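Notes for the one structure printed next.
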Amino acid sequence: MAEVQVLRGYKNKIEEAAMDNRNKINTLSKLKKQRGVSMRKFTLNPLVLAMAASVLPATSFAQDASNDQLEEVVVTGSFRASLANALNTKRTSANNVDAIVAEDMGKMPDLNLAESLQRVPGVAITREGGEGRNITVRGLGPSFSATTLNGMEVPSSTGGLDSSGGVNRGRSFDFNVFASELFNKIILNKSSKGSLEEGGLASTVELYSAKPFDNPGPHAVIGGSMAVDNLTGEDDPRIVAMASNTFADDKFGVLVSFAQSERNIRQEGFGTVRYTSAFDNSNRSFVGDDSTVAITGTPDPLANYPELNPADTKVTSESLDYMLFPRLPRMDSFNTDQKRTGVTGSFQFRPTDRMEFTLDYLKSDLKTEVSSYNFFAQFRNTFGSITPTSIVLDEAGRVAVAGEFTGVTPRVESRGQFSDTEFEQVVLSGKFDLTDNLKLDVMFGNAAVVHDEEQYRFNLDALNPTYANADAPRRQAINGLNPTYFSYDFRENSDIAEMTYGFDINNPLNYHFTAPTIRKDIVERENDTFRSDLTWDLDESSIKTGVIWNERNITSERHDPTEGSLTDPVARVSTGSGTSTIMPITSASTNLVTTLSAVTKGYGDAIDPPAGFPTDFVINDFAATKAAYGAGSFTLNPNDPSTFDVTENTAGIYAEYTRSMELAGMPLMVNTGLRYVETEVESLGVAGGVASKRSSDYAEWLPSLNATLEVVEDFLIRFSANRNLSRPNLSSMTATVNATPINGNISVGNPGLDPIIADAVDLGFEWYFAEESVLGITFFHKDIDSFILNSTVSGLLPADLKAIIGTAYPQTNPASPSFDPNGVSMNDEWNISTPINGEGAKLDGYEISYQQPFSFLPAALEGFGVFANYTYVDSEITYPGDIKGTLTGLSENSYNYGIYFEREQFGARVVVNGRDDYVTAIPGSDRNYSENTTGPTRVDMSAFYNITDNIKVSLEVINLTEEDERLYTTGPLSSGGDLNLVREINNTGREISLGLRATF
11 MAEVQVLRGY KNKIEEAAMD NRNKINTLSK LKKQRGVSMR KFTLNPLVLA MAASVLPATS
71 FAQDASNDQL EEVVVTGSFR ASLANALNTK RTSANNVDAI VAEDMGKMPD LNLAESLQRV
131 PGVAITREGG EGRNITVRGL GPSFSATTLN GMEVPSSTGG LDSSGGVNRG RSFDFNVFAS
191 ELFNKIILNK SSKGSLEEGG LASTVELYSA KPFDNPGPHA VIGGSMAVDN LTGEDDPRIV
251 AMASNTFADD KFGVLVSFAQ SERNIRQEGF GTVRYTSAFD NSNRSFVGDD STVAITGTPD
311 PLANYPELNP ADTKVTSESL DYMLFPRLPR MDSFNTDQKR TGVTGSFQFR PTDRMEFTLD
371 YLKSDLKTEV SSYNFFAQFR NTFGSITPTS IVLDEAGRVA VAGEFTGVTP RVESRGQFSD
431 TEFEQVVLSG KFDLTDNLKL DVMFGNAAVV HDEEQYRFNL DALNPTYANA DAPRRQAING
491 LNPTYFSYDF RENSDIAEMT YGFDINNPLN YHFTAPTIRK DIVERENDTF RSDLTWDLDE
551 SSIKTGVIWN ERNITSERHD PTEGSLTDPV ARVSTGSGTS TIMPITSAST NLVTTLSAVT
611 KGYGDAIDPP AGFPTDFVIN DFAATKAAYG AGSFTLNPND PSTFDVTENT AGIYAEYTRS
671 MELAGMPLMV NTGLRYVETE VESLGVAGGV ASKRSSDYAE WLPSLNATLE VVEDFLIRFS
731 ANRNLSRPNL SSMTATVNAT PINGNISVGN PGLDPIIADA VDLGFEWYFA EESVLGITFF
791 HKDIDSFILN STVSGLLPAD LKAIIGTAYP QTNPASPSFD PNGVSMNDEW NISTPINGEG
851 AKLDGYEISY QQPFSFLPAA LEGFGVFANY TYVDSEITYP GDIKGTLTGL SENSYNYGIY
911 FEREQFGARV VVNGRDDYVT AIPGSDRNYS ENTTGPTRVD MSAFYNITDN IKVSLEVINL
971 TEEDERLYTT GPLSSGGDLN LVREINNTGR EISLGLRATF
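Letter by letter, the sequence shown follows residues 11 to 1010 in our numbering.
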């Protein structure tokens, strides 16, 4: 058997011996210091320097969407004006862009930046806790879009608000970290150009905060709103204040802003946490066989697993082992308290007409507390102790839609997540008119984000009455009942089951504590950027060239409770089975628990469950349980794969030429560019207990061409062709190795990953048939060379991995006195999982957009207008294991449309946003073919009334129709993924906000 080649491109520097935790941490610290020296020796090769010297510097062509032009947009304080300004930006841009422009000072069209972006053709968003978090553009997920703030790429890391979320350690940007009031425009680039920094293969999103020179003179706004969610019933305040002024004949300007909001979210629902079978759980079997079960329906094991032998007696006599059952049928309740605070400051100085300096500062803080409660019956990994007594199958004989069981272990899981995300950015920029035609732009920037999160998980298991403990009164309390009895039934509602338990689930004396899971995650990210651009304006053209340097770093740390720092809150007693002990709840410890109804009123109201659905159960009291376990302390766990440090340096140079001309009497604008970029990556971590440092590098040439032809007046044909790249997630490029010798599994980071490169072509037709109006269609094609995929292969260990495993796990090393001859040897075959550059794919689609104010209507109906867009995307990719499917996050069809009515004193609009189902993971967990999300259709509305010229009252309604969020799985891998089995269904309710704004 040949060695498995999974570490290509590494330049390994692995320490010789294993160390204890303290030495590992010290070594990581030393390696980080070394990185600070070595990584700054970053040079461009002589060819690039020669190109820089040979290209004359240059500004953008007059119609290019440069920063100068964007700052000249005048916002007149209405949604219609916002649409008009955005349309003007699109029409006059050299490349293919869309824009969102503030309606007024400190007033974006939506309360969330992601939800503003979803109105752009080709953009779909993912939500957590009912709020937009990430964007998908033309079928490519969040990590394929780069985000800049005031000209520099910015990092982002926040935690999840529900069961589908998690700490962001990738490149995707979390738009929920900022208050929308801090920004005055968003530009979304769908095609590239030479001067646009690489990294956004799907798009580059440019965020801009307000500047005092945008609107000279004294201006101020103060506003506030109060929102209420129909599930929580709590008031959520939101305030914004902004002031700006220019002085000394507009030579100096100052702008400051402050925004703060609180949000109380309740998400309630039901989940199965995927479907599985006894067969897919290490080929386990239920207790007994088919002959002891009352089965309604005809089992068809081969429909789920075509690879089975129909003549196998186990297949015929124990067919229920091949049927699909919910892994953890459960009630779900998520409660989130969130506080978001943001401040900005912008200081501008124009000492002469040829010189301008800007200092931008932005700070944001997002504090989140999530408490979630689940009550579930455990089928996962416990099939061997479960006895089915009656089963009802679906018509196809594949899924158990109802059943009764004994031997099931019910569990209550209470989780607390307490996080704080702090973001800070400083950008200093300068503009210099060296001559009438020669301009220099220089920018220095630093942005950093720190995400600090503690998670607590407390479990209560139902007490087994056969446990021989000394608490007789409690045993008597459940005498005659069987806490391991459980039944479920999906026949009335295929998404939410009726459930019955064999004991009083609201009596705390029927439970015992299990060991808690407590951890702390700290993710620190920092970006440093320097950029310089020279522009030479000619009569009908411009030449532009520049350089840009970035250093991006992510440090991720997993901290576990210090050994001995926590105390069991309840005395342990023997279960009567050897040395096994439990911590039963007694009358003396009931203060550690409460009920769901005590912390969440009206659970079940939003999901309309069937009559037999439990709506209350015992839960842990977080404050009391945390206090009982003790404050404890945390210690860094360097061996955890979530502990790593990765630094990436990039240096690039570009040349761009823009020209206006005529082609057969038709106005033509051409923009062409060439970009060269070098990238170095250095990863630090602990590989199987051994400190490790690995590095890699690569370089790419990225050409671009954009052309716009005005065939007849107001009818444009827009063409673009470019090559762009997206870099792998920094979290995939770690130097970590995590092994489980007992089963021969290894997970390995891969600093040698290559970038994802795509050649893209756009062809668009835009008809600006009236003022503020457009009808357009754009066809797009991307040829993507590869995707980063997770691969698991079996084989002998490469030499470097063998050295790591043999040292870190001496029981696998035949030369070690600790060698276990009955275990897995470092010379045996192992299952090695690692991210790889997998197969690529072609992506094709088109966007249709329409926007028009109904100016042609009679005066009595004046003020109406519409906007609408539709996007179609098609692609197929082959995943490891020869699994075919669409790209994750891709909805084949998505749409957005709205109607507005707006006059000087009053206005209102209703917006509908929808998308098809999309894949969230393929292959799915628990041997499912895929995990998907049902495409939602959301309806929002807003209205305003101008009490005076300076005072406005507003109304916002979010999720007007109370749309559910539904996740599902598609069945076993070998079945081809043709099922639709609910994983979770949740609802966050409707939010209504009433606000008041005053401008001065």
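C-beta atoms are modelled at their ideal positions from N, C-alpha and C, and glycine is treated no differently. Note that the structure is predicted; figures quoted are calculated from it, not measured.
Can you tell me which of 91, 789, 433 and 864 puts its alpha carbon nearest to the alpha carbon of residue 853? 789
Starting from residue 816, follow the beta strand (DSSP E) in both directions and report where the run begins and ends. Where residue 816 is concerned, there is no enclosing beta strand (DSSP E), although the alpha helix (DSSP H) it sits in stretches over 809-818.
Check whether the stretch 226-242 touches the stretch 996-1003, taking contact to mean three or more Cβ pairs, one atom from each stretch, closer than 8 Å. yes
Three or more C-beta pairs closer than 8 Å, one from the stretch 925-934 and one from the stretch 961-973: is that the case here? no
Segment contact flag, the stretch 304-319 with the stretch 268-276, C-beta cutoff 8 Å, min 3 pairs: no
Near residue 985, which residues of its chain fall below 6 Å by C-beta distance, leaving aside the five closest residues on each side in sequence? 314
Return the chain-ordered list of same chain residues with a C-beta closer than 8 Å to the C-beta of residue 1005, the five sequence neighbours on each side being excluded. 233, 234, 235, 236, 248, 963, 964, 965 and 966
Using three-state DSSP, classify residue 1003 as helix, strand or coil. In this structure, residue 1003 counts as strand in the three-state DSSP scheme.
Identify whether residue 371 lies in helix, strand or coil by the three-state DSSP scheme. Annotated three-state conformation of residue 371 is strand, per DSSP.
Whole-angstrom Cβ separation of residue 526 and residue 467, contact assumed at under 8 Å? 6 Å
Supposed close pair residue 254, residue 370 - CB separation, criterion 8 Å: In fact, because the Cβ distance is near 13 Å, the residues do not count as touching under 8 Å.
In this structure, does DSSP put residue 886 in helix, strand or coil? coil
Can you tell me where the beta strand (DSSP E) with residue 792 in it begins and where it stops? Residue 792 -> beta strand (DSSP E) spans 784-794.
Three-way DSSP call (helix, strand, coil) for residue 224 in this model: helix
For residue 326, the nearest candidate out of 267, 317, 498 and 299 (CA to CA): 299
Taking the straight line between their C-alpha atoms, what separation do you get for residue 665 and residue 287? 59 Å
What span of residues does the alpha helix (DSSP H) with residue 125 cover, start to end? DSSP places residue 125 inside the alpha helix (DSSP H), whose first and last residues are 123-127.
Tell me, to the nearest whole angstrom, how far the beta carbon of residue 759 is from that of residue 745; I am working on the premise that it is less than 8 Å. Yes, they are in contact, since the Cβ atoms of residue 759 and residue 745 sit about 6 Å apart, within 8 Å.
Spatial neighbours of residue 127 in its chain, beta-carbon cut-off 6 Å, leaving aside the 5 residues before and after: 133 and 145
Classify residue 995 as helix, strand or coil using the three-state DSSP reduction. strand
Rounded separation between residue 851 and residue 292 - CA only: 34 Å
Starting from residue 632 and walking both ways along the alpha helix (DSSP H), at which residues does that stretch end? 632-639
Specify whether the stretch 643-654 and the stretch 562-580 touch according to this definition: at least 3 beta carbon pairs, one from each stretch, less than 8 Å apart. Yes, they touch.
By a C-beta neighbour count over all protein chains shown, 10 Å radius and 16 as the cutoff for buried, is residue 277 buried or exposed? Under this definition residue 277 is a buried residue.
Within a Cβ cutoff of 6 Å, which residues of the same chain sit near residue 726, ignoring the five residues on either side of it in sequence? Taking C-beta separations shorter than 6 Å and ignoring five residues to either side along the sequence, the partners of residue 726 in its chain run 718, 720 and 776, following chain order.
Using beta-carbon positions only, say whether residue 862 and residue 875 come within less than 8 Å of one another. yes
In the structure shown, what three-state DSSP assignment does residue 660 receive? strand
Pick out whichever of 626, 595 and 904 has its Cα sitting closest to the Cα of residue 610. Measuring from the Cα of residue 610, the nearest candidate turns out to be 626.
Taking C-alpha atoms, which residue in 889, 774 and 138 lies nearest to residue 348? 138
Judging by CA-CA distance, which residue of 593, 629, 623 and 599 is the nearest neighbour of residue 606? 629
Where does residue 97 sit, in a helix, a strand or coil, going by DSSP? helix
Does the stretch 531-546 come close enough to the stretch 455-466 that 3 or more CB-CB pairs lie under 8 Å? yes
Quick check: the stretch 645-658 against the stretch 670-684, are at least 3 beta-carbon pairs closer than 8 Å? no
Look up residue 728 in the DSSP assignment and say whether it is helix, strand or coil. strand
Of the choices 873, 284 and 953, whose alpha-carbon is the least far from that of residue 941? 284
Could you give the residue range of the beta strand (DSSP E) that holds residue 604? 603-605
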